[in-house]
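K.L.:
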Amino acid sequence: MANRGGGRGRGRGQLTFNMEAVGIGKGDALPPPTLQPSPLFPPLEFRPVPLPSGEEGEYVLALKQELRGAMRQLPYFIRPAIPKKGQLASCWEHLNSAQLREAQKRTHWGDRIYSYVERYSDKYQTSGPIDSAIDWNPDWRRLPRELKIRVRKLQKERTTILLPKRPPKATEDKEETIQKLETLEKKEEEVTSEEEEEKEEEEEKEEEEEEEYDEEEHEEETDYIMSYFDNGEDFGGDSDDNMDEAIY
Amino acid sequence: MTQAEIKLCSLMLQEHFGEIVEKIGVHLIRTGSQPLRVIVHDTGTSLDQVKKALCVLIQHNLVIYQVHKRGVVEYEAHCSRVLRMLRYPRYIYTTKALYGDTGELIVEELLLNGKMTMSAVVKKVADRLTETVEDGKTMDYAEVSNTFMQLADTRFVQRCPMVHAPENSDTQPPPPAPNLVINEKDMYLVPKLSLIGKGKRRRSSDEDAAGEPAAKRPKHPTDNKEPIPDDGIYWQANLDRFHQHFRDQTIVSAVANRMDQTSSEIVRAMLRMSEVTTSSDAPFTQPLSSNEIFRSLPVGYNISKQVLDQYLTLLADDPLEFVGKSGDSGGGMYVINFCKALASLATATLESVIQERFGSRCARIFRLVLQKKHLEQKQVEDFAMIPAKEAKDMLYKMLSENFISLQEIPKTPDHAPSRTFYLYTVNVLSAARMLLHRCYKSVTNLIERRQFETKENKRLLEKSQRVEAIIASVQATGAEEAQLQEIEEMITAPERQQLETLKRNVNKLDASEIQVDETIFLLESYIESTMKRQ
Chain P
1 MANRGGGRGR
11 GRGQLTFNME
21 AVGIGKGDAL
31 PPPTLQPSPL
41 FPPLEFRPVP
51 LPSGEEGEYV
61 LALKQELRGA
71 MRQLPYFIRP
81 AIPKKGQLAS
91 CWEHLNSAQL
101 REAQKRTHWG
111 DRIYSYVERY
121 SDKYQTSGPI
131 DSAIDWNPDW
141 RRLPRELKIR
151 VRKLQKERTT
161 ILLPKRPPKA
171 TEDKEETIQK
181 LETLEKKEEE
191 VTSEEEEEKE
201 EEEEKEEEEE
211 EEYDEEEHEE
221 ETDYIMSYFD
231 NGEDFGGDSD
241 DNMDEAIY
Chain X
1001 MTQAEIKLCS
1011 LMLQEHFGEI
1021 VEKIGVHLIR
1031 TGSQPLRVIV
1041 HDTGTSLDQV
1051 KKALCVLIQH
1061 NLVIYQVHKR
1071 GVVEYEAHCS
1081 RVLRMLRYPR
1091 YIYTTKALYG
1101 DTGELIVEEL
1111 LLNGKMTMSA
1121 VVKKVADRLT
1131 ETVEDGKTMD
1141 YAEVSNTFMQ
1151 LADTRFVQRC
1161 PMVHAPENSD
1171 TQPPPPAPNL
1181 VINEKDMYLV
1191 PKLSLIGKGK
1201 RRRSSDEDAA
1211 GEPAAKRPKH
1221 PTDNKEPIPD
1231 DGIYWQANLD
1241 RFHQHFRDQT
1251 IVSAVANRMD
1261 QTSSEIVRAM
1271 LRMSEVTTSS
1281 DAPFTQPLSS
1291 NEIFRSLPVG
1301 YNISKQVLDQ
1311 YLTLLADDPL
1321 EFVGKSGDSG
1331 GGMYVINFCK
1341 ALASLATATL
1351 ESVIQERFGS
1361 RCARIFRLVL
1371 QKKHLEQKQV
1381 EDFAMIPAKE
1391 AKDMLYKMLS
1401 ENFISLQEIP
1411 KTPDHAPSRT
1421 FYLYTVNVLS
1431 AARMLLHRCY
1441 KSVTNLIERR
1451 QFETKENKRL
1461 LEKSQRVEAI
1471 IASVQATGAE
1481 EAQLQEIEEM
1491 ITAPERQQLE
1501 TLKRNVNKLD
1511 ASEIQVDETI
1521 FLLESYIEST
1531 MKRQ
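These protein sequence lines map, in sequence, to chains P and X. Counting from 1, one number per residue, gives the positions in the first sequence under the numbering used here. Counting from 1001, one number per residue, gives the positions in the second sequence under the numbering used here.
If you want it as structure tokens, here you go:
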């Protein structure tokens, strides 16, 4: 305590070790002190060695990309669930999404704000929510009993060529839809597999406020621009160009 | 588990299995062994999703379960096994080189599905191979089975532990989780199956309309009624054996680089002879006599016994110590020293990294300190013949990156700094660990950058895929040049340019990942063998 003030005057700049031993002689110019964190992309002094090319390298590269694509197609790839948005009851249309959430919380029948109706546009919305079924059939004898869940009836194997949606699947949808009228979960729809080729990464989760469809392009083989399928739930945040519902 | 490893595991799981599995997997890696309820509570995902994720992870041998007291089942993840997913292409390519296309597809199916029964693998591989051959010919199951048996004989595939049925299962309630055991000698035993059949070609789109109602009925009524003969016997890829193979390959090529082709052939013959007699983590092979080696050299090589002896002596005297002489009986007993070999390879990797990152003078200093073990500042300057200022600069650069460390040797018991020696030294094990950590970080950065690039150009990629699909379908229904031309022009020239750039970048990033993985393998093998020795 007595040396607190004194330490500043005397002995300033003394180090605990002998500088000459590590090679810094007296009077040598030391590099300037660093006042900021090192740059994020420091400049490279030497160019990196080129990657090995050749038949083996190319084959392994192609194999890697192919594997990446193949794994996304397997039933082991589980897509995250996105709650299904139903048709908004007309009395709530004037609210924006934040107010809607509030209303949902406050009323005791909050989930009835969205009544579930299956719509044509849902077929072309790319989200992959799931119900509580697994798509492949593991050997349940090898797994702990607590992990057992329902195995979804196997859909027919898809080929990579464009196929129209098959009728049996649609009726299956309707049945399950009726069962799940009260819940907000959406049954998984398998979109045609062109969407899921090697280079494409997992689609971004579509949030309510950020749905955007590029109007210039043909998406999902429909004849309509995607804003045709706009649900009107983004009312309040969007422009009014394509609104079909009456505005109160 | 370091943060870098956990991040890399998270990226691997996300790319291959999706976000839900990634969440559960990373939680398990971070927190260790947990029961189901705790996982559900801590991650905030619903019970069903957690169950699904755990099923997927257990199927792929990434998570194991254990029954604890009071019937609680706990799940534990293996971080190192998740990191192996980076190496899948290399495993598949190696099998292709050794066993052809059939072997390649077998290992690919096993890796993609985690574990499968032999009959399922054979059927699937035969179907896939039938797709690739010309119309009219099919792939016979017997051929695929033969390749499978070869793979099992050389231990590239192994049996998974089997369900052990307790004897008194009638009186007690069934356990919450099955007990899985495997007998050592059963691990590579192939069940006697008579798989008769040919691969099926997948129906083309023309026949699809007719094929659909047929597909609704079971295609082969016999399949559902007959029990599968090898039910319950699952196979998985034996990654340790692949690692052993990679290690041998690296040693042989190192010898070939250092000496010549003949010596590498001799070493290869020695390794082949000790494949089955030595376990994968032994520090050196069983001693092999020079006569034995002479007899087992490949047929095309006619070198005389004396020349072989000379080569062996040269190899044994080499400072790298890949081959050691352990006795004189039988014309000289020689062993291959895996520990030393891996240490030399790891050191060579370190040297090469320093050379590419800091320059060849730094590399000279590094090699000098490695050789002399401990050097003072002044001695470094003298031995390396580099001016003092530059030598100091380089030493400090390497010191700051932790390739070189300082060792203090006090002269007096009070460790006074003015009376202490400070010596520069290289601790190969810790430098290797540091470099391994950097490799994990590099791969993480590469993967993230690749995902970023793909995400940026997502719209363009989707467009090009759609155009390709349109072209394919239009071509299938017969089209003229003009139509195709028109469709091709839907993608403008600058967009094409952008696509080209994207493709080139993604390829480069992927190739870099593969390259870094080779370094990771080397460093991991070295660290593992050194830790075992201690």
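Ideal Cβ placement from N, Cα and C applies to all residues, glycine included.
Just how far apart, CA to CA, sit Ile1233 of chain X and Phe41 of chain P?
P.N.:
Approximately 52 Å between the Cα atoms of the pair.
K.L.:
Anything in chain P within Cβ reach of Ile1020 of chain X, meaning under 7 Å, just list it in chain order.
P.N.:
Neighbours of Ile1020 of chain X on chain P, chain order: Ile78 and Pro80.
K.L.:
Kindly list the residues whose CB is nearer than 6 Å to the CB of Ala1256 of chain X, restricted to its own chain and excluding five residues on each side of it in sequence; keep chain order.
P.N.:
Hits under 6 Å: Ser1264.
K.L.:
DSSP state of Glu1005 of chain X, grouped into three classes?
P.N.:
The answer is helix: DSSP assigns Glu1005 of chain X an H, G or I state.
K.L.:
With burial defined as no fewer than 16 other Cβ atoms inside 10 Å of the residue's Cβ, what is the status of Arg1466 of chain X: buried or exposed?
P.N.:
Counting Cβ neighbours within 10 Å, Arg1466 of chain X comes out buried, since at least 16 surround it.
K.L.:
Using a Cβ-Cβ cut-off of less than 7 Å, give me the residues of the stretch 1019–1052 of chain X that come near chain P, in sequence order.
P.N.:
From the stretch 1019–1052 of chain X, only Glu1019, Ile1020, Val1021, Leu1036, Asp1048, Lys1051 and Lys1052 have a Cβ closer than 7 Å to chain P.
K.L.:
Might you give, ordered along the chain, the residues of its own chain that have their beta carbon closer than 6 Å to the beta carbon of Ala133 of chain P, omitting 5 neighbours on each side?
P.N.:
These residues qualify, in order along the chain: Arg150 and Arg152.
K.L.:
With 16 as the cutoff for other CB atoms within 10 Å, does Thr1002 of chain X come out buried or exposed?
P.N.:
It counts as exposed.
K.L.:
The stretch 1484–1497 of chain X: which residues have C-beta closer than 8 Å to a C-beta of chain P, in chain order?
P.N.:
Listed by position along the chain: nothing, the set is empty.
K.L.:
Which class does Tyr224 of chain P belong to by DSSP, given the choice of helix, strand or coil?
P.N.:
Looking at Tyr224 of chain P - three-state DSSP - the assignment turns out to be coil, as it is neither helix nor strand.
K.L.:
Exposed or buried, Phe1521 of chain X, counting other C-beta atoms within 10 Å across all chains shown (16 or more means buried)?
P.N.:
Phe1521 of chain X comes out buried.
K.L.:
For Leu1375 of chain X, tell me which candidate among X:Asp1393, X:Ile1409, X:Gln1534 and X:Ala1348 has the shortest Cα-Cα distance.
P.N.:
It is X:Ile1409.
K.L.:
Return the chain-ordered list of same chain residues with a C-beta closer than 8 Å to the C-beta of Pro138 of chain P, the five sequence neighbours on each side being excluded.
P.N.:
Excluding residues within five positions, none has a Cβ falling inside 8 Å.
K.L.:
For Asp1317 of chain X, does the count of other Cβ atoms within 10 angstroms reach 16, so buried, or fall short, so exposed?
P.N.:
Asp1317 of chain X is exposed by the Cβ-count criterion.
K.L.:
Report the partner residues of Leu1370 of chain X according to the DSSP bridge assignment.
P.N.:
DSSP lists no partner for Leu1370 of chain X.
K.L.:
Under the rule that 16 or more other beta-carbon atoms within 10 Å means buried, what is Glu1108 of chain X, buried or exposed?
P.N.:
Answer is buried; the Cβ neighbour count reaches 16.
K.L.:
Report the option in X:Val1122, X:Arg1084, X:Gly1018 and X:Arg1070 whose CA atom is closest to the CA atom of Gln73 of chain P.
P.N.:
Checked all of X:Val1122, X:Arg1084, X:Gly1018 and X:Arg1070; the closest Cα to Gln73 of chain P is X:Gly1018.
K.L.:
Below 8 Å, can you find three or more Cβ-Cβ pairs linking the stretch 1083–1101 of chain X to the stretch 53–63 of chain P?
P.N.:
As far as the Cβ criterion goes, the stretch 1083–1101 of chain X touches the stretch 53–63 of chain P, which means the pair count is three or higher.
K.L.:
Taking its Cβ as the centre, do 16 or more other Cβ atoms sit within 10 Å of Gly1103 of chain X, making it buried, or is it exposed?
P.N.:
Gly1103 of chain X comes out buried.
K.L.:
Terminal residues of the continuous beta strand (DSSP E) containing Tyr1334 of chain X?
P.N.:
Segment Met1333 to Ile1336, the beta strand (DSSP E) holding Tyr1334 of chain X.
K.L.:
Can you name the residues of chain X whose CB is closer than 9 Å to the CB of Tyr224 of chain P?
P.N.:
Per Cβ cutoff of 9 Å: no residues; Tyr224 of chain P is ~16 Å from chain X at best.
K.L.:
Of the residues X:Thr1412, X:Ala1432 and X:Asp1393, which one's Cα is nearest the Cα of Phe1403 of chain X?
P.N.:
Comparing Cα-Cα distances from Phe1403 of chain X to each of X:Thr1412, X:Ala1432 and X:Asp1393, the minimum goes to X:Ala1432.
K.L.:
In the stretch 37–49 of chain P, which residues sit with their C-beta less than 8 Å from some C-beta in chain X, listed in chain order?
P.N.:
Result list: Glu45, Phe46, Pro48 and Val49.
K.L.:
Measuring straight from C-alpha to C-alpha, what distance separates Pro43 of chain P and Gln1261 of chain X?
P.N.:
One C-alpha to the other measures close to 41 Å.
K.L.:
Can you list the residues of chain X that Leu35 of chain P reaches, using a CB-CB cut of under 9 Å?
P.N.:
Residues of chain X passing the Cβ test: none, with the nearest at roughly 17 Å.
K.L.:
Is there contact between the stretch 1053–1060 of chain X and the stretch 1023–1037 of chain X, where contact requires at least three CB pairs shorter than 8 Å?
P.N.:
Touching, yes.
K.L.:
Name the chain P residues that come within less than 8 Å of Ser1512 of chain X, Cβ to Cβ?
P.N.:
By Cβ distance, chain P contributes Leu51.
K.L.:
I need the straight-line Cα distance from Leu1137 of chain X to Gly1100 of chain X, nearest angstrom please.
P.N.:
The amino acid occupying residue 1137 of chain X in the given sequence is Lys; Leu does not appear at that position. So the two alpha carbons sit approximately 18 Å from each other.
K.L.:
Just to make sure I have the definition right: I need the residues of chain X whose C-beta is within less than 7 Å of the C-beta of Val60 of chain P. Which are they?
P.N.:
Under the 7 Å cutoff, chain X gives Pro1089, Arg1090, Tyr1093 and Ile1514.
K.L.:
So for Arg1433 of chain X, helix, strand or coil by DSSP?
P.N.:
Note: Arg1433 of chain X maps to helix in three-state DSSP.
K.L.:
Which runs of the beta strand (DSSP E) fall wholly inside the stretch 1060–1130 of chain X and span at least 3 residues, in chain order?
P.N.:
List check, beta strand (DSSP E) in window: 1063–1067 and 1073–1077.
K.L.:
Which residues mark the beginning and the end of the beta strand (DSSP E) in which Ala1479 of chain X is found?
P.N.:
From DSSP, Ala1479 of chain X is part of no beta strand (DSSP E); its letter is neither H nor E.
K.L.:
Closest Cβ-Cβ distance between Phe1284 of chain X and chain P: below 8 Å?
P.N.:
No, its Cβ sits nowhere closer than 8 Å to a Cβ of chain P.
K.L.:
Using a Cβ-Cβ cutoff of less than 7 Å, which residues in the same chain neighbour Ala1391 of chain X once the five nearest sequence positions on both sides are dropped?
P.N.:
Contacts found: Ile1365, Val1380, Glu1381 and Ala1384.
K.L.:
Rounded to the nearest angstrom, how far is the Cβ of Thr1117 of chain X from that of Asp1231 of chain X, given a contact under 8 Å?
P.N.:
The pair is a contact, with the Cβ atoms about 7 Å apart (cut-off 8 Å).
K.L.:
Looking only at C-alpha atoms, which of X:Gln1059, X:Gln1049 and X:Glu1074 sits nearest to Leu1028 of chain X?
P.N.:
Among X:Gln1059, X:Gln1049 and X:Glu1074, the Cα nearest to that of Leu1028 of chain X is on X:Glu1074.
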